[in-house]
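Each residue of the sequence shown is one higher than the one before, counting from 104 in the working numbering. C-beta atoms are modelled at their ideal positions from N, C-alpha and C, and glycine is treated no differently.
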Amino acid sequence: MRVLSGIQPTGRFHWGNYFGAIRQYIDLQNEEASYYFIANLHALTTVRDKTQLEENTRDAALDLLALGLDPNKASLFLQSDVPEVSELCWILMTGTPMGLLERCVSYKDKVARGINAGAGLFTYPVLMAADILAYDANIVPVGADQVQHIEVTRDLAQSFNHHFGEVFVLPQAKLLDASAKVVGTDGEKMSKSYDNTIGIFEDAKAMRKKIMRIVTDSRPMEDPKDPETDHLFLLFRLFATPEALQEMADLYNKGGFGYGHVKKALADAADEYFGEFRAKRAELAAQPDKVREILGDGAAAARKQAGAVLRRAQEACGLMPA
Ligand code: ATP
Ligand code: MG
104 MRVLSGIQPT GRFHWGNYFG AIRQYIDLQN EEASYYFIAN LHALTTVRDK
154 TQLEENTRDA ALDLLALGLD PNKASLFLQS DVPEVSELCW ILMTGTPMGL
204 LERCVSYKDK VARGINAGAG LFTYPVLMAA DILAYDANIV PVGADQVQHI
254 EVTRDLAQSF NHHFGEVFVL PQAKLLDASA KVVGTDGEKM SKSYDNTIGI
304 FEDAKAMRKK IMRIVTDSRP MEDPKDPETD HLFLLFRLFA TPEALQEMAD
354 LYNKGGFGYG HVKKALADAA DEYFGEFRAK RAELAAQPDK VREILGDGAA
404 AARKQAGAVL RRAQEACGLM PA
């Protein structure tokens with residue numbers, strides 16, 4: 104399997120990023136080839152501040168490496184270090200129907216949230232298609248919100264192949280059922296740009312404060328509650344051992360507990376879960392040259408692959424006359 108995925112440096116990585124995407128990156132890094140990139144060109148659609156974008160990008164690399172991404176197994180690089188992808192994006196753009204992009208819910212959601220919609224945000228799925236197709240990826244580990252974009256990628260690849268001949272490999276999304284859509288403190292999809300996140304490397308006190316703010320329903324404490332429909336329980340499920348989870352489910356089914364109890368258990372479990380990655384992150388943060396070298400090596404490997412696919416596409420559509 105050839106694996107590709109990207110993550111935007113739009114803010115600090117959160118539980119949704121980890122359980123929906125990053126954990127899969129680590130699991131899949133032993134595959135035949137795996138490419139993971141920091142999507143700074145995508146982030147530029149929403150982060151319009153040089154210092155902020157630079158800081159987010161450094162944090163992104165440190166977070167991924169600290170969480171277990173191994174540069175000896177996978178290529179880790181910055182999206183903007185592979186210009187071949189932007190060129191491929193243009194080629195795909197020429198065959199992209201407007202209606203296909205107008206139907207994308209991720210774009211519509213961001214607009215509804217008041218995020219400024221430029222042409223970059225609108226055409227985001229085409230750049231994402233180029234990202235995926237440039238590496239002949241057949242597996243794309245993502246959260247549920249990206250499934251539609253992978254459908255778009257398949258559509259664009261299929262229509263190009265149909266028109267110009269077999270050039271692109273059709274990719275498939277890979278989701279983790281229980282964590283494909285992690286909810287945030289407001290009960291909606293946790294998103295870096297929605298101010299509803301709980302960060303992976305958040306300091307313990309700040310994390311507890313955010314957990315205490317998670318919205319809960321107002322049913323009386325005595326009532327039994329269905330754990331499967333309670334988002335606090337679903338968050339707890341991400342971290343808990345099977346025994347702790349069963350205990351908590353029994354408590355829900357019996358009733359007579361307060362959400363404060365669940366929040367405390369959640370904070371303890373999350374603390375313990377991410378605690379082990381902190382030392383590694385601090386160690387890497389003290390070696391910026393090493394991190395830069397990892398990203399440079401990753402980009403070199405990525406460019407080699409993306410260049411080959413770009414040439415295939417250019418040749419097929421008449422951009423390289425003999
Ligand atoms: P932004 O708000 O800037 O779009 P984001 O939090 O949605 O940021 P992305 O960088 O867009 O994060 O997505 C990176 C990966 O994390 C994608 O694979 C995406 O599907 C996954 N992901 C993001 N949010 C969640 C979530 N709440 N639950 C599960 N997976 C998620
Ligand atoms: Mg997103």
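When the beta-carbon positions are compared, Phe116 and Gly401 stay at least 7 Å from each other. For Ile314, the enclosing alpha helix (DSSP H) has its first and last residue at Ala307 to Arg316. Nearest in C-alpha terms to Ile110, of all of Gly123, Ala142 and Met104, is Ala142. Here Val285 carries a coil assignment [DSSP, helix/strand/coil].
Remark: the shortest separation between the CB of Gly217 and any heavy atom of the ligand ATP does not fall under 6 Å.
DSSP places Ile194 within a helical segment (H, G or I) once states are collapsed to three.
Pairing Val229 with Leu273 gives a Cβ-Cβ distance that is not under 7 Å. Look at Ala136 here: in three-state DSSP terms it is strand. Ranked by how close their Cα comes to the Cα of Gly221, the residues Leu147, Ala164 and Thr256 have Leu147 in first place.
Less than 7 Å divides the Cβ of Val270 from the Cβ of Arg415. Residue pairing by DSSP puts His117 in a beta bridge opposite Gly302.
In this chain, Pro391 is not harboured by any beta strand (DSSP E); it is covered by the alpha helix (DSSP H) spanning Pro391 to Ala419. In this structure, Ser178 and Ala404 form a Cβ contact; the two beta carbons are roughly 4 Å apart against a cut-off of 8 Å.
In the DSSP assignment, Ala276 falls within the unbroken beta strand (DSSP E) covering Gln275 to Lys277. Membership of Ser262 in any beta strand (DSSP E) is not indicated; the residue belongs instead to the alpha helix (DSSP H) covering Val250 to Phe267. Check the Cα spacing between Lys292 and each of Thr344, Glu346 and Asp212: the tightest is with Asp212. Shown here for Ala281: same chain residues with a beta carbon closer than 7 Å to its own, the five before and five after excluded, namely Arg340 in chain order. Beyond the five residues adjoining it in sequence on each side, Glu254 comes within less than 6 Å, by CB distance, of no other residue in the same chain.
Just so you know, the alpha carbons of Ala124 and Ile301 end up roughly 15 Å apart. If you draw a straight line from the Cα of Phe360 to the Cα of Leu354, it comes to about 7 Å.
Val394 and Asp162 have their C-alpha atoms roughly 11 Å apart. Unbroken beta strand (DSSP E) stretches of 3 residues or longer found wholly inside the region 165-234: 178-181, given in chain order. Inclusion of Gln111 in the 6 Å shell around the ligand ATP follows from its C-beta lying nearer than that to a non-hydrogen atom of the ligand. The secondary-structure analysis by DSSP pairs Val243 across a beta bridge with Ala276.
For Ala169, the CB contacts under 7 Å within the same chain, skipping 5 residues up- and downstream, are Phe380, Lys383, Arg384 and Leu387 in chain order.
For Glu205, the closest C-alpha among the options Tyr297, Val185, Tyr227 and Tyr362 is that of Tyr227.
Remark: the shortest separation between the CB of Asn159 and any heavy atom of the ligand ATP does not fall under 6 Å. The Cβ atoms of Asp184 and Gln132 do not sit closer than 7 Å to each other. Collapsing the DSSP output to three states places Gly109 in a strand.
When the Cα atoms are used, Ala409 and Gly198 turn out to be separated by approximately 19 Å. No Cβ-Cβ contact shorter than 7 Å links Phe122 with Val243. Within the same chain, Cβ atoms closer than 6 Å to the Cβ of Arg316 are found at Thr288, the five residues on either side in sequence being excluded.
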